[in-house]
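Using the numbering used here, the letters of the sequence shown map in sequence onto residues -7 to 110.
Using N, Cα and C, we set each Cβ at its ideal position, and we do this for glycine too.
This structure is a prediction, so every number in the text was calculated from the model and none was measured.
Report on one structure; see the data block that follows.
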Amino acid sequence: MDRRSYLNNLHPEQESLERHRRDLSWPERDRRYRIQEEITATEGAYKQAVSELRELGLAIVDVSSGRVAFPTRINGRAAVFTWQPGEDSVAYWSYEDEELRRPIPTEWVPGTPLRLKK
-7 MDRRSYLNNL
3 HPEQESLERH
13 RRDLSWPERD
23 RRYRIQEEIT
33 ATEGAYKQAV
43 SELRELGLAI
53 VDVSSGRVAF
63 PTRINGRAAV
73 FTWQPGEDSV
83 AYWSYEDEEL
93 RRPIPTEWVP
103 GTPLRLKK
């Protein structure tokens, strides 16, 4: 998430420096040359992070929020458990083709005592 956010800031800065390249001061010209190196390094780090998540079997659902998905099957349908920064644990799920995030029922959590219906 941090790398994606950083890239989102670098690209407009690069475009501005490129548009004004003929009028730049020496420090701005230096920045113009260095910014491409920063973008390349940050893009590489971002791709590496995404690759690591895929190796763990995760998928990025929403880059801006940092939400990731853990594939599973629920009632015979493709589904995912989801987590995003700020959440203490994996507490939501959804069917793969839906946007709605549902809370994970307590009876799905191992070690949760079963409640008998009367």
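Spatial distance of residue i from residue j (CA atoms)
{"i": "Glu29", "j": "Pro97", "result": "47 Å"}
{"i": "Val83", "j": "Arg94", "result": "It should be pointed out that residue 83 corresponds to Ala in this sequence rather than to Val. If you take the alpha carbons of Ala83 and Arg94, they lie about 8 Å apart."}
{"i": "Gly58", "j": "Glu79", "result": "11 Å"}
{"i": "Trp18", "j": "Val72", "result": "51 Å"}
{"i": "Glu99", "j": "Gly49", "result": "24 Å"}
DSSP-derived helix/strand/coil call for residue i
{"i": "Arg93", "result": "coil"}
{"i": "Pro102", "result": "coil"}
Cβ-Cβ distance between residue i and residue j below 8 Å
{"i": "Ala41", "j": "Arg(-5)", "result": "yes"}
{"i": "Leu9", "j": "Ile31", "result": "no"}
Enumerated in chain order, which unbroken segments of the beta strand (DSSP E) with a length of 3 residues or greater are wholly contained in the region 6 to 91?
51 to 54, 59 to 66, 69 to 75, 84 to 87
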